[in-house]
Amino acid sequence: MFENLDWDKLKVFIVVAELGSMNAAATRLKETAPTVSRKIDELERTLNARLLYRSPRGVSLTEAGRKALRYAEIMSDAADGLRSDVLDHDLPAEGPVTLCAGDGLAAHWIAPHLPDFHLQNPKIELRLVTTDRPDNDLLDDKADISIQFQEPGGRQDLVSKRLGILHYIFWASPEYIRTFGHPTSVFDMHEHRCIIHSGYVNQMERWAPKAQQFRELIDFALVTNSGSVMLEVCANGGGIALMPTYVADLKKNLVPLNLPEVAPIRFWLAYPERVRRLARAQIVIDWLRGLFNQRTTPWFKPNFVHPRTMEGDSTPTVSIATDLTSPPVG
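The sequence shown maps to residues 1156 to 1485 in our numbering.
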């Protein structure tokens, strides 16, 4: 009988027991509810025991189900331990590593450094995946490493290191400024064509209260889910874009407006403990930490550094608190 015991069905059983619902388990497992129910039925037939009480409100464990769950969890922990301690142990630094990141950091900061990485590590296949929610891909085991804007959580085996802070300011092209002028305050922004990333719109809920007021102050002319689109539209005179200070290293023809920082956003490097034990993954982790080294670049430091000061412009910028709480008179 037990030679037919299917580990996949045991994993489904663990999730159903945890969530108390076939439908919820189907959603997490990305399967249909009938498929989940069928797998539970087949597991019960294999064990010749009823594992779950079913009702319109959900499911609950029988006495046999509680015993089965205990053993299934032991088997799951053992499988995780086998994977962590033995899988790829002592293999050379070669093979695939999947990195998930937002499209802005991936395209504009990581990608330009990839040729050098490949020259130094020709046997590592780095798979760079852009996504709006790199934290979800990590939790779903779709990625080995993620760079994410939410502090990692949800799994005890995750290792996280804060990489730095992105400082968002307004940028425009010289052509746009010549045509439409330079806003003297954030309260002038409603008179301008503004560009924003859709991810920022969602992030605003986590921004400082003063920065959240931009939702009320500004009617955005363009909202896009592509950092590259936003950068190119701005560089070609299409409007004023809210982008990180590191844009100073990307487009020398863009002008950082003499306005305050809008929001400092923290970001993290995260990966499961088992990934750190892979030589190829550790090389990628060390490389990424070097890319965001705050000692060699000012853009990710805790303290805001306006690109104008790097260019030798000593014109002071008003603080965000002052600018947002003191609208111009007259």
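Each residue gets a CB set at the ideal place from its N, CA and C atoms; glycine is no exception.
In the pairwise beta carbon analysis, the stretch 1164-1176 is classified as touching the stretch 1209-1224: at least three pairs are separated by under 8 Å.
Within 10 angstroms of the beta-carbon of VAL1378 lie fewer than 16 other beta-carbons, which makes it exposed.
Separation of THR1285 and GLN1303 (C-alpha to C-alpha, rounded to the nearest whole angstrom) is 11 Å. For HIS1273, the number of other beta carbons within 10 angstroms of its own is below 16, and it is reported as exposed. Cβ neighbours of LEU1207 within its own chain (closer than 6 Å, five residues either side excluded): VAL1214, GLY1220. According to the DSSP assignment, LEU1216 belongs to the beta strand (DSSP E) that extends over 1213-1216. Beta-bridge partners of GLU1280 (DSSP): PRO1251.
Collapsing the DSSP output to three states places HIS1268 in a helix.
Beta-bridge annotation (DSSP): ARG1317 is paired with TRP1423.
Taking C-beta atoms under 8 Å as the contact rule, LEU1283 and ALA1261 qualify, at a distance of about 6 Å. In the three-state DSSP reduction, VAL1410 falls in the strand class (E or B). The secondary-structure analysis by DSSP pairs THR1285 across a beta bridge with ALA1256. Taking a C-beta distance under 8 Å as the contact criterion, ALA1390 and LEU1409 qualify as a contact pair. Contact annotation: ARG1421 and ILE1320 have beta-carbon atoms nearer than 8 Å. In the DSSP annotation of this structure, the continuous segment of the alpha helix (DSSP H) that includes LEU1446 starts and ends at 1434-1446.
Under DSSP, ALA1327 takes part in a beta bridge, and its partners are VAL1410. Three or more Cβ pairs closer than 8 Å define a contact, and the stretch 1393-1409 meets that threshold against the stretch 1319-1337. For THR1379, no alpha helix (DSSP H) encloses it; the enclosing beta strand (DSSP E) starts and ends at 1375-1379.
A direct Cα-Cα distance of roughly 28 Å separates SER1210 from ILE1229. By the Cβ-count criterion, ARG1435 is buried, with 16 or more other Cβ atoms from all chains shown falling within 10 Å of its own Cβ. Cβ-Cβ distances below 8 Å link LEU1184 to VAL1167, VAL1170, VAL1191 in the same chain, with the five nearest sequence neighbours on each side left out; the list follows chain order. Within the stretch 1162-1205, the complete alpha helix (DSSP H) runs of at least 4 residues fall at 1162-1174, 1177-1184, 1188-1202. In this structure, SER1315 lies away from TRP1442, with their beta-carbon atoms at least 8 Å apart.
Looking at the backbone, the Cα of SER1301 and that of ALA1425 are separated by about 5 Å.
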